[in-house]
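In this note's numbering, the protein residues as written are 40 to 184.
If you want it as structure tokens, here you go:
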């Protein structure tokens, strides 16, 4: 094998289509752009996303509804029955992260009432729903601020 004999494998490199080079090429005259219209013009082929030909676009016809809290995506839910995997006592955000009950992207946590809790937990710096708070207090725990 010599450097001057090296070439790519057959079919590895496809020659580019040369449009507008005569009737015999199959892409002569209009060069595959059809007749007239914005797509036939140079530099005019793009239509912005959502454009409906001058008709009022869908995103402007429909009403704006709802609200999405930016805080909600940073808050992780911890189900009440999953707390039982932790030892009884003080539970803070770092303990939840160490037990892999909250994802690494979360900035805060909130305990949600689902299932039961059997141990006494003292939640520090963790929010809880009203039902979760009642269940924790019934098991002998509390929420510390």
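Ideal Cβ positions, reconstructed from N, Cα and C, are used throughout, including at glycine.
Query: From the DSSP secondary-structure annotation, give me the bridge partner or partners of residue 114.; Result: 147
Query: Count the CB pairs spanning the segment 91-111 and the segment 160-168 that are closer than 8 Å, and state whether there are at least three.; Result: no
Query: Can you round the beta-carbon distance between residue 122 and residue 150 to whole angstroms, since I take them to be within the 8 Å contact cut?; Result: 7 Å
Query: Work out the CA separation of residue 137 and residue 177 for me, nearest whole Å.; Result: 26 Å
Query: Using DSSP bridges, identify the partner residues of residue 183.; Result: 163
Query: If we count the other Cβ atoms within 10 Å of its Cβ and call it buried at 16 or more, is residue 174 buried or exposed?; Result: buried
Query: Alpha carbon to alpha carbon, how far is residue 98 from residue 171?; Result: 40 Å
Query: Quick check: what's the CA-CA separation for residue 64 versus residue 71?; Result: 11 Å
Query: Please state whether the Cβ-Cβ distance between residue 69 and residue 81 is less than 8 Å.; Result: no
Query: So what does DSSP say about residue 84, is it helix, strand or coil?; Result: coil
Query: Check residue 91 in the structure and name its three-state DSSP category.; Result: strand
Query: Any idea which residues DSSP pairs residue 130 with across the strands?; Result: 162
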